[in-house]
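First to last, the sequence lines map onto chains A and B. Numbering-wise (my numbering), the first sequence opens with residue 1 and increments by one. Numbering-wise (my numbering), the second sequence opens with residue 1001 and increments by one. Glycine included, C-beta positions come from ideal geometry on N, C-alpha and C. Computed from a predicted model, the values in this text were never measured in an experiment.
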Amino acid sequence: MGQLRLVGGALGVAAAALTAAHAQDVQRGGTVIVHVNAEQGVLNPALRASTGVYQITGKFMEPLIELTYEGYEGVLATEWSSSADGREISFTLREGVNWHDGQPFTCEDVAFSAMNLWKPLLNYSSTLHANLEAVDCPDPHRAVFRYSQPMPLELIVAAMPDLGHPVPKHLYEGTDILRNPHNQAPVGTGPFRFGEYERGQYIIGLRNEDYWRGEEYPYLDRVIWRFIPDKAAAAAALEAEEIMESPFIGISMEDMRRLGDDPRFDMGPQGFEANTAHSTVEFNFRNPILADLRVRQAIYHALDIDFALQTIMRGYGQPGRGPIPSTGGENYTDDVPTYAYDVERARQLLDEAGYAPGPDGIRFRLRHRPAPWGEYTQLWAEYFVQAMREVGIAVELVTNDAPGFLTGVYRDHDFDTANGWHQFRSDPAVSTTVWLRSGAPAGTAWSNQFGYESAEMDRLIDEAAQELDPARRAELYHEVQRLAMTDLPVIFAIEHPFLGISNRKLMNHHNTPRWDSSSWYDLWVAE
Amino acid sequence: MPIPPILAYAALRVVKAVPILVLIMIGSFLLIKLAPGDTVDALVGDMGGADPAFVARLRAEYGLDQPVLVQLWLYLGKLARLDFGWSYVYEQPVLTVLTARLGNTLLLMASSLSIAFVFGVALGAFAARRAYSLTDNVISTLGLVFYAMPSFFLSLLMILLFSVTLGWLPVGGIRTIGAFNTGWADVVDVARHLVMPTAALSLIYLAFYMRLMRTSVLEVSELDFVRTARAKGAGETRLMVHHIMRNALLPVITLLGLQFSTVLGGSVIVETIFSLPGLGQLAYTSVVKRDLNMLMGIIALCSVVVVVVNILTDLVYAWLDPRIELK
Chain A
1 MGQLRLVGGA
11 LGVAAAALTA
21 AHAQDVQRGG
31 TVIVHVNAEQ
41 GVLNPALRAS
51 TGVYQITGKF
61 MEPLIELTYE
71 GYEGVLATEW
81 SSSADGREIS
91 FTLREGVNWH
101 DGQPFTCEDV
111 AFSAMNLWKP
121 LLNYSSTLHA
131 NLEAVDCPDP
141 HRAVFRYSQP
151 MPLELIVAAM
161 PDLGHPVPKH
171 LYEGTDILRN
181 PHNQAPVGTG
191 PFRFGEYERG
201 QYIIGLRNED
211 YWRGEEYPYL
221 DRVIWRFIPD
231 KAAAAAALEA
241 EEIMESPFIG
251 ISMEDMRRLG
261 DDPRFDMGPQ
271 GFEANTAHST
281 VEFNFRNPIL
291 ADLRVRQAIY
301 HALDIDFALQ
311 TIMRGYGQPG
321 RGPIPSTGGE
331 NYTDDVPTYA
341 YDVERARQLL
351 DEAGYAPGPD
361 GIRFRLRHRP
371 APWGEYTQLW
381 AEYFVQAMRE
391 VGIAVELVTN
401 DAPGFLTGVY
411 RDHDFDTANG
421 WHQFRSDPAV
431 STTVWLRSGA
441 PAGTAWSNQF
451 GYESAEMDRL
461 IDEAAQELDP
471 ARRAELYHEV
481 QRLAMTDLPV
491 IFAIEHPFLG
501 ISNRKLMNHH
511 NTPRWDSSSW
521 YDLWVAE
Chain B
1001 MPIPPILAYA
1011 ALRVVKAVPI
1021 LVLIMIGSFL
1031 LIKLAPGDTV
1041 DALVGDMGGA
1051 DPAFVARLRA
1061 EYGLDQPVLV
1071 QLWLYLGKLA
1081 RLDFGWSYVY
1091 EQPVLTVLTA
1101 RLGNTLLLMA
1111 SSLSIAFVFG
1121 VALGAFAARR
1131 AYSLTDNVIS
1141 TLGLVFYAMP
1151 SFFLSLLMIL
1161 LFSVTLGWLP
1171 VGGIRTIGAF
1181 NTGWADVVDV
1191 ARHLVMPTAA
1201 LSLIYLAFYM
1211 RLMRTSVLEV
1221 SELDFVRTAR
1231 AKGAGETRLM
1241 VHHIMRNALL
1251 PVITLLGLQF
1261 STVLGGSVIV
1271 ETIFSLPGLG
1281 QLAYTSVVKR
1291 DLNMLMGIIA
1301 LCSVVVVVVN
1311 ILTDLVYAWL
1321 DPRIELK
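#1: So if DSSP puts A:Y197 in a beta bridge, which residue, or which two residues, is it bridged to?
#2: Less than 8 Å between the CB atoms is what I'm expecting for A:E245 and A:V36, so what's the real figure, rounded?
#3: Give me the subset of the stretch 287-320 of chain A whose CB atoms are less than 8 Å from a CB atom of chain B, sorted by chain position.
#4: Which residues in the same chain have their Cβ closer than 6 Å to the Cβ of A:A14, if we skip the five residues on either side of it in sequence?
#5: Looking only at its own chain, which residues have a Cβ that is under 7 Å from the Cβ of B:V1068, when we skip the five neighbours before and after it?
#6: Leaving out five residues on either side along the sequence, give the residues of the same chain with a beta carbon under 6 Å from the beta carbon of B:I1020.
#7: Do A:Q481 and A:T333 have their beta-carbon atoms positioned less than 8 Å apart in this structure?
#8: Kindly list, in the order they appear in chain A, the residues whose Cβ is closer than 7 Å to that of B:S1286.
#9: Nearest CA to the CA of A:V110: which residue from A:R321, A:F384, A:Y72, A:E62?
#10: Quick one: which residues of the stretch 433-446 of chain A get their C-beta closer than 7 Å to a C-beta of chain B? List them in chain order.
#11: Quick one: measure Cβ to Cβ for B:S987 and B:G1278, integer angstroms, because I've assumed they're closer than 8 Å.
#12: Report the rounded CA-to-CA distance for A:P45 versus A:P470, giving the unit in angstroms.
#13: So if I threshold CB-CB distances at 9 Å, which residues from the stretch 1172-1194 of chain B count as touching chain A?
#14: Taking B:T1272 as the query, report the chain A residues whose CB atoms sit under 9 Å from its CB, ordered along the chain.
#15: Hey, out of A:R199, A:S252, A:W446, A:A234, whose CA is closest to A:A371's CA?
#16: Would you kindly report the start and end of the unbroken beta strand (DSSP E) that includes A:I491?
#17: Please name the residues in the stretch 182-194 of chain A whose beta-carbon is closer than 9 Å to at least one beta-carbon of chain B, in chain order.
#18: Can you grab the Cα-Cα spacing for the pair B:Q1281 / A:R199, in whole Å?
#19: Within 8 Å of any Cβ in chain A, is that where the Cβ of B:Q1071 sits?
#20: What three-state label does DSSP hand A:L290 in the structure shown?
#21: Is the beta carbon of A:V53 less than 8 Å from the beta carbon of A:T189?
#22: Check the Cβ of A:V34 against every Cβ in chain B and list those closer than 7 Å, keeping chain order.
#23: Would you say A:L18 lies against chain B (beta-carbon separation less than 8 Å)?
#24: Within 8 Å of any Cβ in chain A, is that where the Cβ of B:S1163 sits?
#25: Give me the Cα-Cα distance between B:G1173 and B:N1104, rounded to the nearest whole angstrom.
#26: Could you pull out every unbroken alpha helix (DSSP H) segment of at least 4 residues lying fully inside the stretch 1044-1129 of chain B, listed in chain order?
#27: With 8 Å as the threshold, decide whether the Cβ of A:H42 is near any Cβ in chain B.
#28: Which stretch, first to last residue, makes up the beta strand (DSSP E) that contains A:H422?
#29: Does the beta-carbon of A:Y376 have 16 or more other beta-carbons within 10 angstroms, so that it is buried, or is it exposed?
#30: Residue range of the beta strand (DSSP E) that A:S82 falls in?
#31: List the residues of chain B whose Cβ lies closer than 7 Å to the Cβ of A:D401, in chain order.
#32: List the residues of chain C that B:V1044 touches, going by C-beta distances under 8 Å, in chain order.
#33: Just the chain B side, please: which residues come within less than 8 Å of A:Q423 by C-beta, in chain order?
#34: Short of 6 Å in beta carbon distance, which residues of its chain neighbour A:P104, apart from the five on each side in sequence? Order them along the chain.
#35: Can you tell me the Cα-Cα spacing of A:R222 and A:F192, whole angstroms?
#36: Closest Cβ-Cβ distance between B:Q1281 and chain A: below 8 Å?
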C-alpha cells in the first residue's frame, strides 16, 4: 500500500480532474487518435515487456493486476495471496471474461502463458520467474504459482502490471510461439479489440462489444495510434488537432512548454508516476582513475544538480537519492549520504586522490558516452562536459545511436563515463538491482556495466529478492540505497517523471500512474 | 528474326549490371556489419533491457551468433533464390514491407521529379531567353533560395503555414486514417497528403534543372547551327523547340538520371517529417534499428531501380541525339 502515500500529491490532481469530468455527462462514441514515436514489430506484452508495447497492447490485452492511484487493482485476477513459506502464490481469476474470439478466459490460459511465455520468453520476467516450477489450476478460476524458492507476494504484485499479461492458450498452444500471427494481431480481453495494423502508418483498435466491465464500457468507438517519427511534425499534428495526445515527451521540450501554455492542452507529469526514471552519470571502474572513490565523489560534488534540473529538465524532477525513486513506496528512503554542489570540495578531493592539475589546468581526460534517449540525455552530456571543465577534468564526448551506445557501454565497456536514464519498474527486484549486482555477462543491457563488485551489495540484493516480510524487505532496500550512494558506481543525479501532453477534449485522461500503458476503458471525448 | 539493336543493347546492359549488383550487396553487407551494435542490441534497447539468456536466445534465433562471412554466405544464398529474408523489427517478410512501401516512394519521386523537371526546364529556358533581365534575375534568385533552403526546414515551414495556421492540408501520412475512402475520394485524399511532401522535395531539384537549363540554353543559342537556322528565317518558337531545346536538354537528362538516386536520399528526410510510409523513412528506421535484412532489401531494390534508370537515360539520350551510337 506504499503506493498510496507516494502519489498523494498527484491524487489530489486526479480527484480534481474526476470531479470536473463528472460535472459533465459522459459522451459515448468517437475516435481518439494518439501519437506513437516508433513502430512496434511485436504486439504481445507477454513476449516483449516494454512501454512501447504496453502503450498499444494495453488496450487489447489486460494484466492480472493493474496499478491505480488508489493502489493495486485486480483486473483479470480478483484476489491474490501467498502461502506462509512464500512458495505458493494463488490468484483468484475473474469470472465471466471472454477473449475477443468469444472463448472464455480461464486458469488454463494463465498457466500456459506463465510456463510458455513469461518464464522462458519474456524479458525481465525470465529472472522474475526463474524459480517458478509450475502453475496449477485447481479450478478454472484459480491459478496457483509454485516456486522452488520463497517469492515475496509484494514483488509479484508489483511486477504484474508489466509482466502479467496472459495470452489465449487455444490460439498459442502447439504453435511456434515467436512466429504466431497473433503476436501482430493480438487477441485479448481488453476494452478494445485489434482492428488493423498498417505498417508505418497506424494501428486501429475497435470497441469490444462484450467487455466484462459492462455494456457502457469502453466509451470510445475507436482508438488509433499514429506513427509520427519526427518530433516537430508530431507537435504540428497536435496543434492542428489531428492527434489528441502525445506521451513520454514525444515532442521537443520547447514545443511541450509552448503547447502546455495553450489553453487547448494539458501538459505535465501526471499519469507517468509509475514510469519515473533517473538521469544518471555512470562510471567505468576498469579505469583506475575512476576506481578511486574520491574521484567519483569529486565528480558528484562538481555537478550543480539544481541548475541542471532547472535548465535541462525545466524544473520537472528532483535531485536523485539512489537507485530507487521517491515513487518507489516503502522501499524508498531519503536517509542516504548526499553530495552537495561544492566545487572547492571537488578540487580538494581530486588533489587528495593525486590528480593535481597539469600546466594546462587539466587533471585528466575522460571519454564520455551519452545515451541517445531524447533531449535530456544530450543536454546532460553537454552540461557534464562544462561542469567537469570547472574542476580540471577534460571530457570528450563520443556520440552514437542506440545500438552503438549499448554496444560501446555494455558489451565492449569502451567508455570512461556515460550518461543515460534508467526507468524504475514498480519493484527494485524487477529491473533496478540487476544494475548493481555483479556477475552479469558482458553485453547485457542495463546490467552492471560499471564493473562494480561488492560482496555486501550482492548479499543485500539476493536477500531482499527472497525476503517475505515487507518491512524487512524495505529495510534491505534502504541498505541497498545507502550503499549505492556510498560506493557511487553511478550517480542517480535527477529523478524525473516523463511528461505527456493531451488535448483537453479528452476526459478521464492520465487518471492512473501508468495511464498510457493502461486500458483506457473510461476514456471519452467531449465535443 | 534479328533482334532490334536497342533491345540487344538493353539486354547487354542488364547482364553487365548483375556483377555490379552483387558487388554492391557484398560491400553494403560488410559496411553495415562494421556499424557498432546489431538488431538484437537495438531491440533490447527498445525493450528497456533483458537478461543475458534472453539476449543470447534472440541472437541465435536471428543467426547473429555466426561469423560475419558465414552470415554473408547464407544471405547471398537466400538472395540468389530471391528470398529477402525476415525483418525482425517489423516481424514480417522483408519483401512484404518493401512492396507496401515502394509504391508510396515511387509516387513521391515521380511527382517531385516530374514537377521539378517540367517547371525547371520551362523556367530555365524562359530565363535564358530573357537573360540578364529583371525576370531572369527574379527567377534565378528564387532558384538560389530554393536550392539553399534545407528540405526539412521548408517542410516544417509549410506544415506550420498550411496545416497548423490555415488548416488546409493534413500534417502527414498518406491517407486520412479511418476515412476508408474508395475510388476518386481516395485519389483526392492521397493527392492532398502528397502536396507538401512533393513541393518540399521538388523545389530543390527544380532549382537544379533551372540553373542547368538556363546555362545550357544560353550556350546552345550561340552555336553555329542556331545562327544558321535563324539566318534561314526560322521563327523564335521553332528555333527554341526544334533547335535549341533538343540539344540543351542533353545535360539536363544526364542530371535527371543521376538524380534519381539522390532523390531517394532526399526522400528520407521528407518522408520522415511527413510520416509518409515510404522507402526513405523505412531506410532510416532500418539503420537506427540495425534491421540488416530490411536494409539490404532496400539497397538491392534501389540499386536495381538506379541501374534501370541509368539504362533508360542512355536510351533517351540516344533518341535525343542521333549521333550517339548504342554499343
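With the structure as the only source:
#1: Sequence index remark: in the first sequence, residue 197 of chain A carries index 197 (1-based). Its beta-bridge partners are A:I203.
#2: Position 245 of the first sequence holds residue 245 of chain A. Position 36 of the first sequence holds residue 36 of chain A. About 10 Å; that fails the 8 Å criterion.
#3: none
#4: To locate residue 14 of chain A, count along the first sequence from 1; it is residue 14. Note that A:A14 scores a pLDDT of 45, beneath 50, so its modelled location is shaky; the value from the coordinates is reported in the next line. Taken in chain order, the residues that qualify are Y69, N511.
#5: Mapped onto the second sequence, residue 1068 of chain B falls at position 68. Only K1033 meet the Cβ criterion.
#6: Counting from 1 along the second sequence, the entry for residue 1020 of chain B is found at position 20. If we look at B:I1020 and ignore the five residues flanking it on each side, it has no Cβ neighbours.
#7: In the first sequence, the residue the question calls residue 333 of chain A occupies position 333. In the first sequence, the residue the question calls residue 481 of chain A occupies position 481. The answer is yes: Cβ separation under 8 Å.
#8: Your numbering for residue 1286 of chain B matches position 286 in the second sequence. Neighbourhood of B:S1286 in chain A, by CB distance below 7 Å: empty, with the nearest CB roughly 11 Å away.
#9: Counted from its first residue, the first sequence places residue 110 of chain A at position 110. Taking only the C-alpha atoms, the option nearest A:V110 is A:E62.
#10: A440, P441, G443, T444, A445, W446
#11: Beyond the ends of chain B as shown, which are 1001 and 1327, falls residue 987 of chain B; an answer cannot be given.
#12: Start at 1 with the first residue of the first sequence, and residue 45 of chain A comes out as number 45. Start at 1 with the first residue of the first sequence, and residue 470 of chain A comes out as number 470. A:P45 and A:P470: Cα-Cα distance of roughly 28 Å.
#13: Cβ contacts with chain A come from G1172, G1173, I1174, R1175, I1177, G1178.
#14: Against the second sequence, residue 1272 of chain B aligns to sequence position 272. Near B:T1272 (Cβ distances below 9 Å), the residues of chain A are P229, D230, A233.
#15: Locating residue 371 of chain A in the first sequence gives position 371, where the first residue counts as 1. It is A:W446.
#16: For this step, residue 491 of chain A is matched to residue 491 along the first sequence. Here the beta strand (DSSP E) through A:I491 covers 490-496.
#17: N183, Q184
#18: Numbered from its first residue, the second sequence carries residue 1281 of chain B at position 281. Numbered from its first residue, the first sequence carries residue 199 of chain A at position 199. Those two C-alpha atoms are separated by around 12 Å.
#19: Translated into the one-based positions of the second sequence, residue 1071 of chain B becomes position 71. Closer than 8 Å: no.
#20: The residue you call residue 290 of chain A lines up with position 290 of the first sequence. Secondary structure of A:L290 (DSSP, three-state): helix.
#21: Start at 1 with the first residue of the first sequence, and residue 53 of chain A comes out as number 53. Start at 1 with the first residue of the first sequence, and residue 189 of chain A comes out as number 189. For the pair A:V53 and A:T189, the CB atoms are not nearer than the 8 Å cut-off.
#22: Working through the first sequence from its first residue, we reach residue 34 of chain A at position 34. Ordered by position in chain B, no residue passes the 7 Å Cβ test against A:V34, which lies about 11 Å from the chain.
#23: Your numbering for residue 18 of chain A matches position 18 in the first sequence. With a pLDDT of 48 at A:L18, under the threshold of 50, the predicted position of this residue should be treated as unreliable, though the coordinate-derived value follows. Closer than 8 Å: no.
#24: Locating residue 1163 of chain B in the second sequence gives position 163, counting from the first residue. At least one chain A Cβ lies under 8 Å of B:S1163.
#25: Here residue 1173 of chain B refers to the residue found at position 173 of the second sequence. Here residue 1104 of chain B refers to the residue found at position 104 of the second sequence. Each residue's Cα considered, the two are about 10 Å apart.
#26: 1052-1061, 1068-1080, 1094-1129
#27: Here residue 42 of chain A refers to the residue found at position 42 when the first sequence is read from its first residue. One detail in the question is off: residue 42 of chain A reads as Val in this sequence, not His. Closer than 8 Å: yes.
#28: One-based indexing of the first sequence puts residue 422 of chain A at position 422. Looking at the DSSP string, the run of the beta strand (DSSP E) that includes A:H422 is 417-423.
#29: The sequence position of residue 376 of chain A within the first sequence is 376, counting from 1. Label assigned to A:Y376: buried.
#30: Counting from one through the first sequence, the residue named residue 82 of chain A turns up at place 82. Note, A:S82: beta strand (DSSP E), 77-82.
#31: On the first sequence, residue 401 of chain A is found 401 positions in, with the first residue counted as 1. Result: V1288.
#32: In the structure shown, chain C does not exist; the protein chains are A and B.
#33: Position 423 of the first sequence, counting from 1, holds the residue named residue 423 of chain A. Correct list: G1048.
#34: By 1-based counting over the first sequence, the position of residue 104 of chain A is 104. Cβ neighbours of A:P104 beyond the five flanking positions: N98.
#35: Position 222 of the first sequence, counted from the first residue, corresponds to residue 222 of chain A. Position 192 of the first sequence, counted from the first residue, corresponds to residue 192 of chain A. Between A:R222 and A:F192, the C-alpha separation is close to 8 Å.
#36: Residue numbering aside, residue 1281 of chain B sits at position 281 when the second sequence is read from its first letter. Yes, because at least one Cβ of chain A sits closer than 8 Å to the Cβ of B:Q1281.
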